[in-house]
Structures are given as structure tokens and as C-alpha cells.
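Okay, structure first, notes after.
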Amino acid sequence: MPTYSSHDGTVLAYHLAGQGDPLICLPGGPGRPSGYLGDLGGLTASRRLILLDNRGTGGSAAPADPSGYRADRLVADVEALREHLGLEMIDLLAHSAAADVAVLYAARHPYRIRRLVLTTPSPRAVGLEPTDEEWSAVIRRRSAEPWYEKALAALEAWESGDEREETYLAARPFFYSPWDRTAEAHARSCPPVRAAAEGFYGEVAFDPDATRTAVERLTAPVLVISGEDDPSPTPEQAAAYAAVFPEGRSASVPGAHFPWVTAPREFAATAERFLAG
175 MPTYSSHDGT
185 VLAYHLAGQG
195 DPLICLPGGP
205 GRPSGYLGDL
215 GGLTASRRLI
225 LLDNRGTGGS
235 AAPADPSGYR
245 ADRLVADVEA
255 LREHLGLEMI
265 DLLAHSAAAD
275 VAVLYAARHP
285 YRIRRLVLTT
295 PSPRAVGLEP
305 TDEEWSAVIR
315 RRSAEPWYEK
325 ALAALEAWES
335 GDEREETYLA
345 ARPFFYSPWD
355 RTAEAHARSC
365 PPVRAAAEGF
375 YGEVAFDPDA
385 TRTAVERLTA
395 PVLVISGEDD
405 PSPTPEQAAA
415 YAAVFPEGRS
425 ASVPGAHFPW
435 VTAPREFAAT
445 AERFLAG
């Protein structure tokens, strides 16, 4: 497992998989090690995946200063990885909460991005979070599923502050489509590291207005991928997110928040078509 030293001396680990042009991959959670990304639905067939373990997760050391977990501070880890790899420009893929880091990176280093893939992304960095009404409407779309009532109770408990692992797992069906044994096994893999998760959304991590202004300089193509059954972002929300970028576009694939798990071929084909340009 290769490692490198980031800007503050924290030693970070990354994993290599596949063959082809390099693709730096940032895991979400926040606070999950990169193992849950797997091979991204078979994207390893055409890409050399560089899967970063964010600080304090997987094989990466925790920062001496807990504020180092904050989303905006993780941007420097991505830039240090680019320098370590000796890449002038990078293709970057980020999932869920990691999209906030990727967008902040693009805002700070717009000329280092060749292509950017935001997979079922958090929109917090650009201030496009869904309203409670929008969230509830999408959740209700799954009401015919046999697990719905139990999962809804768990989701409401989780949102009210019940952060027990069993509550987290009981709410997971909303984030997979279909919810089956494969999805359940994936949901149980690589649980979030509490310190990294709690530190990610630290105070002053985001300035959406400034970020949206900054990414106007980004000339690289950006793809926002949504899952058809994902509660956030929906395909409509993904299209609005893509419109933030000068060269943004969106695509919807079967599945929910982890589409490479339940629709691997569709996800990998969509990402590779875009990356191949």
C-alpha cells in the first residue's frame, strides 16, 4: 500500500487497482475508507484507480490537529497527492460527501482538472441542498417496498440524532436499488470513522457563493451522475448541480446512492464514456 506525506506531514495511504490512465478517486461517507468503492463497477478495465484513504481512515494517519478533517482542509491532501504522483493534470472522481472536497479543489485549482466526475454528490459546497419537502417526497416513492416502514423509522431516528450502527444500517435500504443481499453486504462494509465523519463538516468549511463564483473559471468538463432512485441528488437535482459548471452535464443511471454496486455495467460505461472524452 503506497503512502505519501501531505502538506502538514500527515502520512496518507492510497490503493491502486486496474490498468490505464490514472483516475484519482475520493471516498465519501464522510469518513469512510476507500475500500467501499471497490472497482467502481469494473471501471478498472479501462482506468488505473488511485483510491485515497482520507486522513484518519483506512491506512491513513489521523491529523495532529482535528480541524484537519474538515472538508476544505482535505483539498490540500488532493493537491499533495497530485504532486506525489507527478501529474500535471488529473482526472478526478468523487462520491457523495467527497464531491464537496472535489468541487473545492476545482475552485482552488481549476487548471489542474482534466475531467471531473461527481457521483451521487453532496451539493453542500455549492449550496444546492434539497428542502425537507423535496427529500420527503423522494423517500415516499419507495413506500411500496417491503422494508419501507422499518427503514423509514430508522431514517427518522438517525436524522434525530440516533447514531447507533444498527440504526444506520436499518436506514440503508433507501440508498440502494434494489435492496438485496449484495446491497446489504456493501452497506455493512467500511463503516465511517467517527472522528473523520464528525470533523468533515466543521464550522466555516463551506462558502457556497464564493465557490460558485470560483468554479466559473473551470473549463474542464464535469459530469454529475445520479441514481434514478437516490433520495439525494435526484436526477433533476443533479441537472441543477451540473448547471453550476461552465462545462457541466448530468447523467442518470439505475440504482440509488451507490449505483456501481447494483448497476455496475451502466455506471462504469457512463463514467468511462465521459472520461474517454
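With our numbering applied, the sequence shown covers 175 to 451. A virtual CB, placed ideally from N, CA and C, is assigned to each residue, including glycine.
Contact under 7 Å by Cβ, residue i with residue j
i      : j      : result
Asp265 : Leu197 : yes
Val427 : Glu446 : no
Leu392 : Ala280 : yes
Gly373 : Tyr243 : yes
Arg289 : Leu449 : yes
Ser296 : Asp274 : yes
Ala345 : Ala370 : no
Nearest residue (CA-CA) to residue i, options the options
i      : options                           : result
Trp434 : Arg298, Asp251, Gly216 and Gly232 : Gly216
Val249 : Ala271, Gly232 and Trp332         : Ala271
Arg298 : Glu410, Ala357 and Ala379         : Ala379
Gly183 : Ala238, Tyr375 and Val252         : Ala238
Ile224 : Ala344, Met175, Thr444 and Asp246 : Met175
Thr293 : Asp246, Pro407 and Thr218         : Pro407
Residue environment, residue i, which counts as buried when at least 16 other CB atoms sit within 10 Å
i      : result
Tyr350 : buried
Gln193 : exposed
Thr356 : exposed
Gly335 : exposed
Ala179 : Reading off the sequence shown, one finds Ser at residue 179, where the question assumed Ala. Ser179 should be labelled exposed.
Thr436 : buried
Pro438 : buried
Asp383 : exposed
Gly301 : exposed
Ser424 : buried
Contact belief for residue i with residue j at Cβ below 8 Å, rounded distance in angstroms
i      : j      : result
Asp227 : Pro204 : At roughly 13 Å, the Cβ-Cβ gap does not stay under 8 Å, so Asp227 and Pro204 are not in contact.
Gly401 : His360 : No, Gly401 and His360 are not in contact; Cβ-Cβ is about 14 Å, not under 8 Å.
Val389 : Val277 : 7 Å
Below 8 Å, how does it come out for the region 392 to 405 and the region 250 to 261: are there three or more Cβ pairs, yes or no? Because the criterion of three Cβ pairs below 8 Å is not met, the region 392 to 405 and the region 250 to 261 do not touch.
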